[in-house]
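Chemist: Heads up: the sequence shown begins at 1 in this note's numbering, then just goes up one per residue. One structure, pasted below without further comment.
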Amino acid sequence: MASNVNERDTAPQKASDAVFVPTQEHGFKNKVQGYDWSQGLDYGKLIGSYITTGFQATTFGLAVNEVNKMLAKRIEPIPESLGLDEFEEDLFIKRKSNCTIFLGYTSNMCSSGIRDTIKFLVQNKLVDCIVTTAGGVEEDFIKCLAPTFVGNFELKGSTLRESGINRIGNLVIPNDNYCKFEDWVMPLLDEMVAEQKEKGTKWTPSKIIEKLGRAINNPESVYYWAAINNIPVFSPALTDGSLGDMMYFHSYKNPGLVVDILEDLKRLNTMAVKASNSGMVILGGGLIKHHICNANLMRNGADFAVFINTACDFDGSDSGAKPDEAVSWGKIKKDATPVKVCADASLVFPILVAETFAKHHFSSTPK
């Protein structure tokens, strides 16, 4: 008996099987859910909703959790087996808490207003160590001498050059600012040469930054607070910027300054080795990212890690490498839950700090 179903009215079984694949049991529990605007505007709940929003909003939420785990571990007592590190004479690398937090950032962070967020962390002793580039050092001091301005990305380079204006993205810095920096830093370089000759002082990038931080004597400076609070600042490429330019010109007027980067490497690696637990917060890539990660290799990996950058890993660059690549090298522990947020740090870092370090600080500070 012929079928009453016209084959032209029935979907091909092959297509049906392909489209309507039955779902197997899965372990996903968090439903995608954005912010409920019917409850009015609540910034805390809005940011809290990111973790179930998806895409980079979710990775941001995971980064909040990761930093908060660092801070929770930080306030736990140091295990008795480790002690208080009373035999360490170098106050800058002395173990201070149960979780040593390494903060790294590229120079553009100090050029931008993120500098003020970094200053908050350093002023309130919320991080234990900084690794940055030459620009990340000098831009802080230059801002104490003269302001940086907001411009735009389309300003023509040749016109700016003729006007003595330097552009960093959509920020502009008058070249006179660097002249003021030269006037301020040259006498300090003279002092370093004299101290090296008369007292045998071995200068390292971190010791130079400490000296400059004390000399600027300005509470608007990140490195003023780093010096006051015994937070070491490592910059192995300290000559790669305006400060290097000043050292170059100074070497003709008063030659002889020697800067030892090996001693700083030992200080940084020792901090990692001595850490009871270790956390990394790294804004950007390149030297600062690898320098912190490689120091944590010396302790078989950091316990916590948050990377914020926009670099990709398809070209094999360390800047774009995902945290799992660092796990393969022993720079992050195998059982850690590291997070990479693919975003401009100028957008997300202040919010990350608001949801983590700031909440921790203000909740534990007497009113």
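Cβ atoms here follow ideal geometry from the backbone N, Cα and C, with glycine treated the same way. If you're wondering where the values come from, they're calculated on a predicted model, not measured in any experiment.
Just to confirm my understanding: we take Met-186, look at its own chain, exclude 5 residues before and 5 after, and list those with CB closer than 7 Å. What are they?
Modeler: The residue given as residue 186 occupies position 186 in the sequence shown. Cβ neighbours of Met-186 beyond the five flanking positions: Met-246 and His-250.
Chemist: So what's Val-348 in DSSP terms, helix, strand or just coil?
Modeler: Counting from one through the sequence shown, the residue named residue 348 turns up at place 348. Reduced to three states, the DSSP call for Val-348 is helix.
Chemist: Mind checking whether Leu-188 and Lys-211 have CB atoms under 8 Å apart?
Modeler: What you label residue 188 is simply residue 188 of the sequence shown in a count that begins at 1. What you label residue 211 is simply residue 211 of the sequence shown in a count that begins at 1. Yes.
Chemist: Go ahead and label Asn-152 buried or exposed: buried means 16 or more other beta carbons lie within 10 angstroms of its beta carbon, across all protein chains shown.
Modeler: Here residue 152 refers to the residue found at position 152 when the sequence shown is read from its first residue. Classification of Asn-152: exposed, given that the 10 Å Cβ count is below 16.
Chemist: Closest to Glu-263 by CA distance: which of Ser-235, His-290, Ser-107 and Ser-276 is it?
Modeler: Sequence index remark: in the sequence shown, residue 263 carries index 263 (1-based). Among Ser-235, His-290, Ser-107 and Ser-276, the Cα nearest to that of Glu-263 belongs to Ser-235.
Chemist: Excluding five sequence neighbours on each side, which residues of the same chain lie with their C-beta closer than 6 Å to the C-beta of Leu-82?
Modeler: Counting from one through the sequence shown, the residue named residue 82 turns up at place 82. Result list for Leu-82: Ser-276, in chain order.
Chemist: Going by beta-carbon coordinates alone, are Ile-130 and Leu-103 separated by less than 8 Å?
Modeler: Reading the sequence shown from its first residue, position 130 is the one you call residue 130. Reading the sequence shown from its first residue, position 103 is the one you call residue 103. The criterion of a C-beta distance shorter than 8 Å is satisfied by Ile-130 and Leu-103.
Chemist: Buried or exposed for Cys-312, please, with buried defined as at least 16 other CB atoms from any protein chain shown within 10 angstroms of its CB.
Modeler: The residue given as residue 312 occupies position 312 in the sequence shown. Burial call: exposed.
Chemist: Would Val-306 pass as a contact of Glu-66 if the rule is Cβ separation under 8 Å?
Modeler: Numbered from its first residue, the sequence shown carries residue 306 at position 306. Numbered from its first residue, the sequence shown carries residue 66 at position 66. Contact: yes.
Chemist: Can you tell me the Cβ-Cβ gap for Lys-333 and Asp-303, rounded? I've got them flagged as a contact below 8 Å.
Modeler: Here the question's residue 333 lines up with position 333 in the sequence shown. Here the question's residue 303 lines up with position 303 in the sequence shown. That pair is a contact at about 6 Å.
Chemist: Take the Cβ of Trp-225 as the centre, count every other Cβ of all protein chains shown within 10 Å, and call the residue buried at 16 or more, exposed below.
Modeler: As a working note, residue 225 is residue 225 in the sequence shown. It counts as buried.
Chemist: May I have the straight-line CA-CA distance separating Thr-133 from Lys-289, to the nearest angstrom?
Modeler: As a working note, residue 133 is residue 133 in the sequence shown. As a working note, residue 289 is residue 289 in the sequence shown. Between Thr-133 and Lys-289, the C-alpha separation is close to 11 Å.
Chemist: Give the DSSP-derived three-state secondary structure of Phe-307 in the structure shown.
Modeler: Translated into the one-based positions of the sequence shown, residue 307 becomes position 307. Phe-307 falls in the strand class under three-state DSSP.
Chemist: For the beta strand (DSSP E) that contains Leu-283, what are its first and last residues?
Modeler: If you number the sequence shown from 1, residue 283 lands on position 283. Taken as a continuous stretch (DSSP letters only), the beta strand (DSSP E) holding Leu-283 covers 278-283.
Chemist: Here's the rule I'm using: 16 or more other beta-carbon atoms within 10 Å means buried, otherwise exposed. How should Tyr-248 be labelled?
Modeler: Looking up residue 248 in the sequence shown gives position 248. Flag for Tyr-248 reads exposed.
Chemist: Taking the continuous beta strand (DSSP E) assigned at Ile-341, which residues delimit it?
Modeler: The residue you call residue 341 lines up with position 341 of the sequence shown. Contrary to the premise, residue 341 reads as Val rather than Ile in this sequence. Looking at the DSSP string, the run of the beta strand (DSSP E) that includes Val-341 is 339-342.
Chemist: With Val-222 and Lys-119 assumed to form a contact (beta carbons below 8 Å), what rounded beta-carbon distance in angstroms separates them?
Modeler: Position 222 of the sequence shown, counting from 1, holds the residue named residue 222. Position 119 of the sequence shown, counting from 1, holds the residue named residue 119. 5 Å between Cβ atoms; contact.
Chemist: If I measure Cβ to Cβ from Ile-78 and keep anything under 8 Å in the same chain, skipping five residues before and after, which residues do I get?
Modeler: As a first step, residue 78 must be located in the sequence shown, where it is residue number 78. Correct list, in chain order: Leu-84, Arg-95, Ser-97, Asn-98 and Ser-276.
Chemist: Quick check: is the beta carbon of Leu-257 nearer than 8 Å to any beta carbon in chain D?
Modeler: Of the protein chains in this structure there is only one, and it is not chain D.
Chemist: Please name the residue in Thr-204, Val-259, Ala-336 and Cys-144 whose C-alpha comes closest to that of Ala-63.
Modeler: The sequence position of residue 63 within the sequence shown is 63, counting from 1. That would be Ala-336, whose Cα lies nearest to the Cα of Ala-63.
Chemist: Could you compute how far the alpha carbon of Asn-218 sits from the alpha carbon of Ala-227?
Modeler: In the sequence shown, counting from the first residue as 1, residue 218 sits at position 218. In the sequence shown, counting from the first residue as 1, residue 227 sits at position 227. Cα-Cα distance, rounded: 11 Å.
Chemist: Compare the Cα-Cα distances from Gly-44 to each of Thr-356, Thr-365 and Pro-366 and report the closest residue.
Modeler: Against the sequence shown, residue 44 aligns to sequence position 44. Residue Thr-356 is the option with its Cα nearest to Gly-44.
Chemist: With DSSP run on the structure shown, which of helix, strand or coil describes Cys-99?
Modeler: The count along the sequence shown starts at 1 and reaches residue 99 at position 99. Coil.
Chemist: Per DSSP, Leu-171 is paired with what?
Modeler: As a position in the sequence shown, residue 171 is number 171, starting the count at 1. Val-150 and Ile-168, per the DSSP bridge assignment.
Chemist: Ignore the nearest five residues each way along the sequence and tell me which others in Ser-363's own chain have a CB closer than 8 Å to its CB.
Modeler: Taking the sequence shown and counting its residues from 1, one reaches residue 363 at position 363. Excluding residues within five positions, none has a Cβ falling inside 8 Å.
Chemist: Quick test of your reading: Asn-296 and Ser-278, contact by CB under 8 Å. State the CB separation rounded to the nearest angstrom.
Modeler: The sequence position of residue 296 within the sequence shown is 296, counting from 1. The sequence position of residue 278 within the sequence shown is 278, counting from 1. The pair is a contact, with the Cβ atoms about 6 Å apart (cut-off 8 Å).
Chemist: What is the DSSP secondary structure of Thr-117, reduced to helix, strand or coil?
Modeler: Along the sequence shown, read from residue 1 onward, the residue named residue 117 stands at position 117. Of the three classes helix, strand and coil, the one that applies to Thr-117 here is helix, per DSSP.
Chemist: Give the DSSP-derived three-state secondary structure of Glu-162 in the structure shown.
Modeler: Counting from one through the sequence shown, the residue named residue 162 turns up at place 162. The answer is helix: DSSP assigns Glu-162 an H, G or I state.
Chemist: Rounded to whole angstroms, what is the Cα-Cα separation between Gly-40 and Gly-48?
Modeler: Within the sequence shown, numbered from 1, the residue matching residue 40 stands at position 40. Within the sequence shown, numbered from 1, the residue matching residue 48 stands at position 48. A straight line joining the alpha-carbon of Gly-40 with that of Gly-48 spans about 14 Å.
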